[in-house]
Amino acid sequence: MKTKILLSVIVLMMCISAADAQPYKYYLNIPVTQFGNPVIPAANAWTGGFDSPIFSQIDMNGDGLKDLFIFEKEGASQYYFRYTTYINLGTPNQPSYRYAPEYKEKFPQGMHDWAVLVDYDCDGKEDIFTYNYIGGMTVYHNDYDINGLKFHKEIDLVYSTYFGFPANLFVASNSQPAFVDVDDDGDLDVLTFAISSYTVEFHQNLAEENFGRCDTLCFNMATGCWGNFGLTGDTACTAAYGISCREAGHPPATADVSKLEHLHSGFCAISADMDGDADKEFINGDINCMYLQCFSNGGTLLSANMVSCDTLYPSQHPVGNPPAFLGRSQMGPHYFDVDNDGNKDLIVAPCAVNSKNFNNILYYKNTSSNSINDFSYIKNSLFVDNMIELGSGTNVATTDIDGDGLKDMIIGNLTYNDTQIPSGTHVAIAYYRNTGTASSPAYTLMTTDFANMSSSGLTGIFSSFGDLDNDLDQDMIIGSSDGYLDYLENINGNYIMTQVHINASNGNPINCGTFATPFIVDLNRDGKLDLVIGEKAGNLNYYENTGTVSTFSFTFVTNTLGGVNVTKTGYDIYGYSAPFIYDSLAHYQLMVGSLSGFVYKYDNIDNNLGGNFHLVDSMFFYEPIRSTITGADINNDGKMDFLTGNFSGGVTWYSNGSTVSVNEIKQDNEFNIYPNPAKDMLYIKFEKSSRHEIMVTDMLGKIVFSSYKNSFTEIIDLRQWNNGMYVCKVVEDGIVTNRKFVVRH
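For what it's worth, our numbering labels the leading residue of the sequence shown as 102, then goes sequentially.
This is the structure we're talking about:
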């Protein structure tokens, strides 16, 4: 009898679990028009933004066309980095790609700092080279077969021979080496800066020489001064080049030793035969140089010798081109056919964090051939002009600005640098008007300077809306990086800043430290709108409206509302909490974005403002680094839609009505749970030792165990646990996996 009852309970719990499973999916079919042009395909609008992308080509769907895998160096946290995937639509003579998030999670989630795709084993399929924390490279092999795209880790750490001794082939985390067959023998070589950072090392692959095949990596540092040139600091970017090296591992013979303290600490490079003479040139975006550099090779395949340098590349190809310039930021050159005409084009993007973050992808079309390489400048906004992109650090608020009954989008941001110098950094708030219908939303960009906020001098603007003066329109409160709040009253549709730095009821300005993220809501349900404010520290502040429905007065209640803090212990030192509260069946639900990118969900809020809220899920959504979230039933289907922002400057839409499932595109983590059912001890064994987060909940959603550390095995003592079914949620390398297990004593 007991066994039958237990089985019945388990079946019931499984049904409850299935009903509560997260149904939200990427919603990619919402039309967006900006700068007078519709975004085509519509999915591209919701890509999520680019700040410092690394572009690689790969055929993801097996149609013979090279698609795009884009690794985002910005918009990343300590352990999680953003990837974006585009399918090539194959339109001749123009860049024609569709955002396809269903492919991005087919890539291994352990990549970090940089990732470059290149075919090293001559099977026609691009493999992955990415940074290894030790100071080198990890390789993932492309195992595409009839079941589609997949990878496995082939080499954990690539080695090379230095002066007869094996060691990891060193590459820095902020540098991007050049992968190219330097000596044209059929195997893949590597060009990278030495640890000393002023000469280029040539790591020759001896696979063909030693084994007569190209499907392996067998490196030897052939020279520590490939090309006989070195960089000695900023003056080297504008002065003469062709500096001869004394010997491998030593400064250039003519180097100005007094300038060695100015050595660059990062580079992003490519190498190719740019002039049709068979040897390889070297194109470098250096952290200390304002422009892209192209070193011309006057030597041979085996003995490179750089004889000149175009320091304003590609201004002479042809003459009159604007040189590649993205302000004083490290640039990453890319050389591939982006427009389906057979010729490789030049794409230049930031290759470092804190760079120019708007109109920041330069497109130079190759108007000649791959042996002549005349690059004609086309635009500075490749891809980003066809998406919602607001610089860095986006946050979305939905409200009916124009009173037509449709939810519009107001998108704030952290920084918006569309000029060439850092002093041009400012903040803009974009207003996307809903020009669709109640059931079919569509958005048109009206302005990127809503309420003239660019003149405010503020950064990190975060907005929230509510009728604070009881005149039946939506007013706005903004938070900013300085921690203060400002009030903008809606006067006949115009937002006028009528109260700079909102005062609390005690007369002092409300200040939440730094990066205040306000949300307006009647939290205590007394008919007056209160304030819940997130901040950099990761906690939530609660200010109760002790005024009237038409004249607000905010009184501080607590800075530990609900016991919420989204700072990950042992992971981050800050949380950057960004709250959003909504009503579900007369019960409040709280969502909180965070620095880690995870969106936390809480309930047990009503009648519990002095207690601890219940954490339902610490991984409800994931938008790598500085996630923000808002929601509304925008398509009038009776279900909540969610919009997330992230540090890369874009917006992602999640809904119940799309076709690309967030869960369907996730790969499982490699771990086992045993025994199951379990009695006294539960073992969670991982295939590799990596940083992972474990959270176990009972079937009512209560967290009964959590852990966050590096280990191969996690052991959980179950002797005090109740019988029943539990859900184990594991986050490893950015992948979220759920497994059920049963405790039976």
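Don't be surprised by glycine CBs; every beta carbon is placed ideally from N, CA and C.
When only Cα atoms are considered, PHE714 and PRO680 end up about 13 Å apart. Excluding sequence positions up to five before and after GLY614, its CB lies within less than 8 Å of the CB of GLY584, GLU636, LYS637, ALA638, all in the same chain and listed in chain order. By the 16-neighbour rule on beta-carbons within 10 angstroms, ASN553 is exposed. CYS223 counts as exposed, since fewer than 16 other beta carbons sit within 10 angstroms of its beta carbon.
In the three-state reduction of the DSSP assignment, PRO139 falls in the strand class, which pools E and B. For TYR689, same chain residues with a beta-carbon under 6 Å away, outside a window of 5 residues either side, are ILE682, ILE706, ASP707 in chain order. For ASN311, the uninterrupted alpha helix (DSSP H) segment begins and ends at 308-312.
Taking C-beta atoms under 8 Å as the contact rule, PHE383 and GLY328 qualify, at a distance of about 6 Å.
ALA617 places its beta carbon less than 8 Å from that of SER581. Selection LEU393, LEU691, SER678 evaluated against ALA425 yields LEU393 as nearest (Cα-Cα). Listed in chain order, the non-local C-beta contacts of ARG314 below 7 Å within the same chain comprise ALA308, local neighbours out to five positions each way being set aside. In terms of Cβ geometry, ALA295 and GLY325 form a close pair [threshold 8 Å]. Two segments are said to touch when three or more pairs of C-beta atoms, one from each, lie closer than 8 Å; by this definition the segment 473-482 does not touch the segment 505-517. The secondary-structure analysis by DSSP pairs CYS829 across a beta bridge with VAL797, ARG840. With the rule of 3 Cβ pairs closer than 8 Å, the segment 535-543 does not count as touching the segment 560-574.
Annotation for THR549: no beta strand (DSSP E) segment contains it, and DSSP assigns it neither H nor E. Distance check between TYR723 and each of ALA450, SER695, LEU716 places SER695 closest, using alpha-carbon atoms only.
Cβ-Cβ distances below 6 Å link MET692 to PHE681, VAL700, LYS702, ILE730 in the same chain, with the five nearest sequence neighbours on each side left out; the list follows chain order. SER404 counts as exposed, since fewer than 16 other C-beta atoms from the protein chains shown sit within 10 angstroms of its C-beta. Non-local beta-carbon contacts of PHE252 in its own chain, meaning distances under 7 Å to residues more than five positions away in sequence, involve PHE208, PRO209, ILE229, TYR241, HIS242, ASN243, ASP244 in chain order. Spanning the alpha carbons of MET212 and ASN747 requires a straight line of approximately 19 Å.
Close CB contacts of LEU402 within its chain, under the 6 Å cut and outside five residues either way in sequence, are with ASP284, ASP285, ASP380 (chain order). A distance below 8 Å separates the beta carbons of GLY567 and LEU630.
Between PRO610 and ILE621 the beta-carbon gap is near 18 Å, outside 8 Å, which marks them as no contact. Beta-bridge partners assigned by DSSP to ALA216: THR231. In the three-state scheme derived from DSSP, where H, G and I count as helix and E and B as strand, VAL601 is classed as coil. Excluding the 5 residues flanking it on each side, ALA373 has same chain C-beta neighbours closer than 6 Å at TYR436, in chain order.
In its chain, beyond the 5 residues on either side, ALA552, ASP576, MET577, ILE578, ILE579, TYR596, ILE597, MET598, THR599 have a beta carbon closer than 8 Å to the beta carbon of LEU589. Taken through DSSP and simplified to helix, strand or coil, LYS669 comes out as coil. Under the three-state reduction of DSSP output, LYS637 falls in the coil class, being neither helix nor strand. Looking at the backbone, the Cα of ASP574 and that of PRO139 are separated by about 30 Å. Measuring C-alpha to C-alpha distances from ASN593 to each of ASN612, ASP486, ASN607, ASP572 identifies ASP572 as the nearest. Nearest Cα to ASN275 within the set PHE156, PRO451, SER261, PRO196: PRO451. Here MET322 is bridged, per DSSP, to HIS304. As DSSP reads the structure, ASN496 sits in a beta bridge with GLY513. Taking 8 Å as the cut-off, the beta carbon of PHE330 is found closer than this to the beta carbon of MET407.
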